[in-house]
Amino acid sequence: MNREEPPPFFGTWNRLYAAVILYLAVLIAGFHAFTKAWR
Amino acid sequence: MILSVVGIVAYGLWRSRGSDTTDAYLRAGRTMPWYAMALSIMATQASAITFISTTGQGYVDGMRFVQFYFGLPLAMVILSVTAVPVFHKANVYTAYEYLEKRFDSRTRTLVSIIFLIQRGLAVGLALSAPAIVLTVILGWPDDWTTVLMGVIVVAYTALGGVKAVTWTDFQQMLIMMAGLAASLVMAVYLLPDNIGFGAALTVAGAAGKLNPVTTNFSWGDRYNLWSGLFGGMFLALAYFGCDQSQVQRYLTGSSVAQSRLSLLFNAVAKIPMQFLILLTGAIVFAFFTFVQPPLLFQREDMAKLTRMPEYPALREKFDAAFQSRQSAARRLAAGGGAKEEFQKAQADLDETRKQAAALTKSNDTNYVFLHFVTNYLPEGIVGLIIAAILAAAMSTISGEINSLATVTVIDIYKRLINTEAADARYLLVSRLATAFWGVYAVVTARFAKNMGSLVEAVNLLGSLFYGGILGVFALAMYFPRVGAAGAFWGVLAGEAVIFTLHFTGATSFLWYNVAGCLVVIATGVVISRLAVR
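Just so you know, the protein sequences line up as chains R and G, in that order.
Residues in the first sequence are numbered consecutively from 653, following the working numbering.
Residues in the second sequence are numbered consecutively from 298, following the working numbering.
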């Protein structure tokens, strides 16, 4: 096991995790706008 | 369709070369790259149920089911930080082995048995879905199609082990993606000439089907933003962190980084995929506002209904409501209002279908998409979609049977029955256990047909057990002072609370995981503190 192995994107694991959470927030905001648009 | 099934089985058997030790058979020798594990995780989760039941869910209940997956990316991040390095460091075959390293063999055995019961029942549900497909298309009896699918999957899973399962999952996921794209494109393409994609969305939206985010909170509401984020996160933590059918996929990774990437890929890809599947269901709904659907989508139930004395009156009411809805939908699509008239006609249609379902004691959610595919799509596309559904089914069933066999051999047989056998003996027992669980799945699948929406049934079943399992893993990883007695009794207390919630109907099932997990932790902490005193 190599705990220091970095991810292929974003440089560090913490940055990659933050990107995933940000992506989720954007997705939910987009779906919310979709819901309001077609209500 | 036949070519894809035969090709995948042949590929699985070819991949079985070299799986002649238990490490290679059950853990692929820890050699798998992240992209193979990522698609295998996704394919194991995306069963035939995903295709036929989730689209039906989109048709009947709209898109709000997608919120169920909102907690998944959060869970994947948490698991990447915690569980993945812990499991890799412990060098285990199953997640439950880790519980013995942390607590004792009693806790490990208890949780292993809970997994075997829960996953054993779920695999029957997963197997019933492709049987529904083959029954609708070929007209074969459910029992025969269940047995046929069971034999095919068990054959390549028993011979090939986890390596074959992972690589066939990889191929099957690619077929699924092609089938999914074809379904959505064809659903839009088949809309009447003057009805475009935007008009279809207007109609589906007026019927309340385009609701991927609902912010109202209620404990009894299954799918809203809050139950999805919190309840869904707990369910995903349990499923991907404590369920061997998923853990086994990323235990095959060649490093912590490779396993993490496989989970994070799912964090990114899963929600858009579910959104598109539900949108397909919503577009199919729009299609059937202009083309008259049957009163019930299940042919046998419809035939039964036509022989009942209540049928003529129901038929008349249904036809009138459809005409009214169609007329309102055309005006709505043309931008001419009529939303209230449309919604009233929709309510009448829903009420008529409800009465028909009550008379026949049936639930046809799982048949909506199949009816659309088999009656309206061109043959080549039907073949692709059916191949995708069968690929989804095989990938899920093979992964589940493989994990059930692994727990049976590693946590029960090797731990409790025969601790000192040669490796070849364990390999043989692994293959036999795979065959046993295949037969078990066939038997339980027979009871799944009338359980309503299969995708809900699977998730409800998981929620009855996941809270307890998640709680004990949380104790193991985050509460170093909690001992074996606290963990063991904590699991039992958590399960008792979950079953009480279920049978009293106090909350929606998504909250079972939260409640069960918290009760396990609280009980474990209290018992451990009392033991110290």
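We put the CB at the ideal spot given by N, CA and C, even for glycine.
None of these values were measured; they are calculated from a predicted model.
* Starting from K398/G and walking both ways along the alpha helix (DSSP H), at which residues does that stretch end? -> Numbered from its first residue, the second sequence carries residue 398/G at position 101. Looking at the DSSP string, the run of the alpha helix (DSSP H) that includes K398/G is A392 to R399.
* **Beta-carbon separation (whole angstroms), I680/R vs V430/G, contact threshold 8 angstroms** => Within the first sequence, numbered from 1, the residue matching residue 680/R stands at position 28. Within the second sequence, numbered from 1, the residue matching residue 430/G stands at position 133. Going by Cβ atoms, the distance from I680/R to V430/G rounds to 33 angstroms, so no, they are not a contact pair.
* Are T820/G and A812/G touching if we call contact CB-CB under 9 angstroms? -> Here residue 820/G is taken as the residue at index 523 of the second sequence, counted from 1. Here residue 812/G is taken as the residue at index 515 of the second sequence, counted from 1. For T820/G and A812/G, no; Cβs fall outside 9 angstroms.
* Under 9 angstroms between the Cβ atoms of R519/G and F365/G? -> As a working note, residue 519/G is residue 222 in the second sequence. As a working note, residue 365/G is residue 68 in the second sequence. A contact, by the Cβ cut-off of 9 angstroms.
* **Strand pairing of M691/G, partner residues [DSSP]** => By 1-based counting over the second sequence, the position of residue 691/G is 394. DSSP lists no partner for M691/G.
* Asked: In whole angstroms, what is the alpha-carbon distance linking V679/G and L724/G?
  -> Taking the first residue of the second sequence as position 1, residue 679/G is located at position 382. Taking the first residue of the second sequence as position 1, residue 724/G is located at position 427. Between V679/G and L724/G, the C-alpha separation is close to 40 angstroms.
* To do: Compare the C-beta of T664/R against all C-beta atoms of chain G and say whether one is closer than 9 angstroms.
  => Within the first sequence, residue 664/R is the residue found at index 12, counting from 1. It does not: the Cβ of T664/R has no partner Cβ on chain G nearer than 9 angstroms.
* **Contact between the segment 397 to 406 of chain G and the segment 704 to 717 of chain G (3+ Cβ pairs under 8 angstroms)** => yes
* To do: Output yes or no for whether 9 angstroms exceeds the beta carbon distance between F348/G and I568/G.
  => For this step, residue 348/G is matched to residue 51 along the second sequence. For this step, residue 568/G is matched to residue 271 along the second sequence. It is not a contact, given that the beta carbons lie outside the stated cut-off.
* To do: Please classify G634/G: does DSSP put it in a helix, a strand, or coil?
  => Counting from 1 along the second sequence, the entry for residue 634/G is found at position 337. Reduced to three states, the DSSP call for G634/G is coil.
* Asked: Using a Cβ-Cβ distance under 9 angstroms, would P370/G count as near chain R?
  -> The count along the second sequence starts at 1 and reaches residue 370/G at position 73. Judged by the 9 angstroms Cβ criterion, P370/G is in contact with chain R.
* Got a sec: is the Cβ-Cβ distance from R667/R to anything in chain G below 9 angstroms? -> Residue numbering aside, residue 667/R sits at position 15 when the first sequence is read from its first letter. Output row for R667/R: interface = no.
* Close beta carbons around P370/G, own chain, < 6 angstroms, minus the five adjacent residues each side -> Sequence index remark: in the second sequence, residue 370/G carries index 73 (1-based). A564, listed in sequence order.
* Taking the alpha helix (DSSP H) that A497/G falls in, what are its first and last residues? -> Indexing the second sequence from 1 puts residue 497/G at position 200. A497/G -> alpha helix (DSSP H) spans F494 to A503.
* Let me know the secondary structure DSSP gives G315/G once reduced to three states. => Taking the first residue of the second sequence as position 1, residue 315/G is located at position 18. The answer is coil: DSSP assigns G315/G none of H, G, I, E or B.
* Beta-carbon neighbours of L629/G, restricted to chain R and to distances below 9 angstroms -> For this step, residue 629/G is matched to residue 332 along the second sequence. Going along chain R, no residue has its Cβ under 9 angstroms from L629/G, so there is no contact; the nearest lies around 12 angstroms.
* **Burial state of N654/R, where buried means 16 or more other Cβ atoms lie within 10 Å** => In the first sequence, the residue the question calls residue 654/R occupies position 2. The pLDDT assigned to N654/R is 47, lower than 50, so where the model puts this residue is not dependable, and the model offers no usable value.
* Would N810/G pass as a contact of Y763/G if the rule is Cβ separation under 9 angstroms? -> Here residue 810/G refers to the residue found at position 513 when the second sequence is read from its first residue. Here residue 763/G refers to the residue found at position 466 when the second sequence is read from its first residue. Yes, Cβ-Cβ distance for N810/G and Y763/G is below 9 angstroms.
* Asked: In its own chain, which residues sit with a C-beta less than 7 angstroms from the C-beta of G765/G, not counting the 5 before and 5 after it?
  -> Position 468 of the second sequence, counting from 1, holds the residue named residue 765/G. Cβ neighbours of G765/G beyond the five flanking positions: I411, V788, G791, E792, I795, G813 and V817.
* To do: Would you mind telling me which residues of chain R sit closer than 8 angstroms to F619/G, beta carbon to beta carbon, in chain order?
  => Locating residue 619/G in the second sequence gives position 322, where the first residue counts as 1. Per Cβ cutoff of 8 angstroms: no residues; F619/G is ~22 angstroms from chain R at best.
* To do: Note the first and the last residue of the continuous alpha helix (DSSP H) segment covering W665/R.
  => Translated into the one-based positions of the first sequence, residue 665/R becomes position 13. From DSSP, the alpha helix (DSSP H) with W665/R extends over W665 to A689.
* **Contact set between I568/G and chain R, taken where Cβ atoms lie within less than 8 angstroms** => Residue mapping note: residue 568/G aligns to position 271 of the second sequence, counting from 1. Result: L676 and L679.
* Asked: Does DSSP classify G517/G as helix, strand or coil?
  -> For this step, residue 517/G is matched to residue 220 along the second sequence. G517/G falls in the coil class under three-state DSSP.
* Asked: At which residues does the alpha helix (DSSP H) containing P370/G begin and terminate?
  -> Here residue 370/G is taken as the residue at index 73 of the second sequence, counted from 1. Where P370/G is concerned, the enclosing alpha helix (DSSP H) stretches over L369 to V378.
* To do: Report yes or no: do three or more beta-carbon pairs, one from the segment 622 to 632 of chain G and one from the segment 583 to 590 of chain G, lie closer than 8 angstroms?
  => yes
* Beta carbon proximity, T328/G to chain R, threshold 9 angstroms -> By 1-based counting over the second sequence, the position of residue 328/G is 31. Judged by the 9 angstroms Cβ criterion, T328/G is not in contact with chain R.
* CB contact check: N508/G to chain R, cutoff 9 angstroms -> For the purposes of this step, residue 508/G is taken as the residue at position 211 of the second sequence. Cβ-Cβ to chain R under 9 angstroms: yes for N508/G.
* Asked: So, are the CB atoms of A688/G and Q468/G less than 9 angstroms apart?
  -> On the second sequence, residue 688/G is found 391 positions in, with the first residue counted as 1. On the second sequence, residue 468/G is found 171 positions in, with the first residue counted as 1. Result yes, Cβ atoms of A688/G and Q468/G sit closer than 9 angstroms.
* **Local conformation of G525/G per DSSP, three classes** => Against the second sequence, residue 525/G aligns to sequence position 228. Note: G525/G maps to helix in three-state DSSP.
* Within 9 angstroms (strictly less), CB to CB, does V581/G reach chain R? -> Along the second sequence, read from residue 1 onward, the residue named residue 581/G stands at position 284. No, because no Cβ of chain R sits closer than 9 angstroms to the Cβ of V581/G.
* To do: Give a yes or no on whether 9 angstroms exceeds the smallest Cβ distance from M334/G to chain C.
  => The structure shown contains no chain C; its protein chains are R and G.
* To do: Check whether the Cβ atoms of N699/G and V544/G sit closer than 9 angstroms, and answer yes or no.
  => In the second sequence, counting from the first residue as 1, residue 699/G sits at position 402. In the second sequence, counting from the first residue as 1, residue 544/G sits at position 247. No, Cβ-Cβ distance for N699/G and V544/G is not below 9 angstroms.
* Cβ of F666/G within 9 angstroms of any chain R Cβ -> The residue you call residue 666/G lines up with position 369 of the second sequence. With 9 angstroms as the cut-off, F666/G does not count as an interface residue toward chain R.
* To do: Could you tell me which of N513/G, A742/G, G458/G and V769/G sits nearest to A730/G, measuring between CA atoms?
  => The sequence position of residue 730/G within the second sequence is 433, counting from 1. Selected option, being the one with the closest Cα: G458/G.
* Can you have a look at L336/G and say buried or exposed, based on whether 16 or more other CB atoms are within 10 angstroms of its CB? => By 1-based counting over the second sequence, the position of residue 336/G is 39. Buried, because 16 or more other Cβ atoms sit within 10 Å of the Cβ of L336/G.
* **Spatial neighbours of A380/G in its chain, beta-carbon cut-off 6 angstroms, leaving aside the 5 residues before and after** => Within the second sequence, the letter at position 83 stands for residue 380/G. Closer than 6 angstroms at Cβ, skipping near neighbours: G538.
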